[in-house]
Each structure stands twice: as C-alpha cells, then as structure tokens.
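In the UniProt record's numbering, the protein residues as written are 1 to 154. Before any comments, here is the structure.
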Amino acid sequence: MDQEYQNILVPVDGSKESELALHRAIFVAKRNGAHIDILNVIDTRAMAYNFAGMSDGSIAYQLVDKSKEYLDGLLKDAKSKDGFDNLDIHIRLGNPKTIISFDFPHDHHNDMIIMGASGLSRMQRAVMGSVTSYVKRNAPVDVLVVRTAVDQVK
C-alpha cells in the first residue's frame, strides 16, 4: 500500500460487517499512524417511515442515547482489546448515503472510508438501497469495502 492514509472514516451500524470494517481500519491505522473517526448515522428517513411522522422528538433522543452507548463500547474495545486510542466517535442524523459520502469526509478531512459490505437486510436494501454501494460509487476519497476479518488477510 503506497498511499499513506492519515484520517480514516469508519461508518458503523451495529452489524457484524461494520465491526469487521472497524477492526480492519484499526489494522490500517496502526500501520499508517492514522486517526480513525467512527461514525453512526441515525437515518431520519427511517424514523419518519417507521413512526409515520408521529414522533415528539423523544424517539430521536432515545436513538442518540443508544447510539452513544454502542459507540462508547466500540471505543472501549478499541482501546483495551486492540491497544488503539487515536480515534473519535461521532453521531449524525440524516441520510446515511450523503453524510458518509460527502458531508462527514468534507467536515473532518477524511482521506479514506473503510466500511462493511452491507449492514442491511435484503428487504431494507431493496427499499432504501445499499449505503455501501452508494458510497463506493460517489465518495471523493478511497473506499475499502471489508468482507473478511483481519486475520484472514494474507
């Protein structure tokens, strides 16, 4: 790998695939001396669809709290299990496709995105489209789509 990445974005959604991507990002970041931004995007379109627009805002707060708990756990594991602490956690609300592809990398100067192959079920992909497919086609930075664990890399 000739390119040395300095600021890696890892979007996570609670799926096994996104956590494989985080472990791969830690592997790459250690090798490059890079920083990692772990991002969870709460899809506001899904909230409107699932709750038929009848939310008083408390649902969003609950989702942010759950997201914060999840990200704090990933942060703790990265520090204790992987011995890596050059990372920050972030939560954004909105459309995951555009936030991951454009908004977040622009705001945080990410030069690479490492993400899981897919965190959605087949039905969710059919209805909403694959975030991973969108990101790899549209992001202005390099995108690595992870399908295997780090220990499977030769």
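Here a beta-carbon is modelled for each residue, glycine too, at the ideal position from N, C-alpha and C.
Assign residue 127 to one of three DSSP states: helix, strand, or coil.
-> Within the sequence shown, numbered from 1, the residue matching residue 127 stands at position 127. Below a pLDDT of 50, predicted positions are generally treated as unreliable, and residue 127, at 49, falls in that range; no measurement from the model is reported.
With a cut-off of 8 Å, do at least 3 Cβ pairs link the region 6–21 to the region 102–119?
-> yes
Does the region 128–138 come close enough to the region 71–79 to have 3 or more Cβ pairs within less than 8 Å?
-> no
So, is residue 139 buried or exposed, given that buried needs 16 or more other C-beta atoms within 10 angstroms?
-> Walking along the sequence shown from the start, residue 139 turns up at place 139. So residue 139 counts as buried.
Go through its chain and collect everything with a Cβ distance to residue 67's Cβ below 7 Å, but skip five positions before and after it.
-> If you number the sequence shown from 1, residue 67 lands on position 67. Taken in chain order, the residues that qualify are 40, 42, 91.
Taking buried to mean at least 16 other C-beta atoms within 10 Å of its own C-beta, is residue 69 buried or exposed?
-> Taking the sequence shown and counting its residues from 1, one reaches residue 69 at position 69. Its Cβ having fewer than 16 others within 10 Å, residue 69 is exposed.
Going by C-alpha distance, which of 5, 28, 7 is nearest residue 146?
-> The count along the sequence shown starts at 1 and reaches residue 146 at position 146. Among 5, 28, 7, the Cα nearest to that of residue 146 belongs to 28.
Contacting residues, own chain, Cβ-Cβ under 7 Å from residue 30 (five flanking each side not counted) = As a working note, residue 30 is residue 30 in the sequence shown. Correct list, in chain order: 84.
Taking only runs of the beta strand (DSSP E) that begin and end inside the UniProt domain "UspA" (5–147), which ones reach a length of at least 3 residues, in chain order?
-> 7–11, 35–43, 87–94, 112–116, 142–146
For residue 58, is the classification buried or exposed, using 16 other Cβ atoms within 10 angstroms of its Cβ as the cut-off for buried?
-> Position 58 of the sequence shown holds residue 58. That one is exposed.
Does the beta carbon of residue 109 sit closer than 9 Å to a beta carbon anywhere in chain D?
-> In the structure shown, chain D does not exist; there is a single protein chain.
Cα-Cα separation between residue 45 and residue 102, rounded to whole angstroms = Numbered from 1 along the sequence shown, position 45 holds the residue referred to as residue 45. Numbered from 1 along the sequence shown, position 102 holds the residue referred to as residue 102. Approximately 18 Å between the Cα atoms of the pair.
Taking Cβ positions, are residue 74 and residue 19 nearer each other than 9 Å?
-> Taking the first residue of the sequence shown as 1, we reach residue 74 at position 74. Taking the first residue of the sequence shown as 1, we reach residue 19 at position 19. Result yes, Cβ atoms of residue 74 and residue 19 sit closer than 9 Å.
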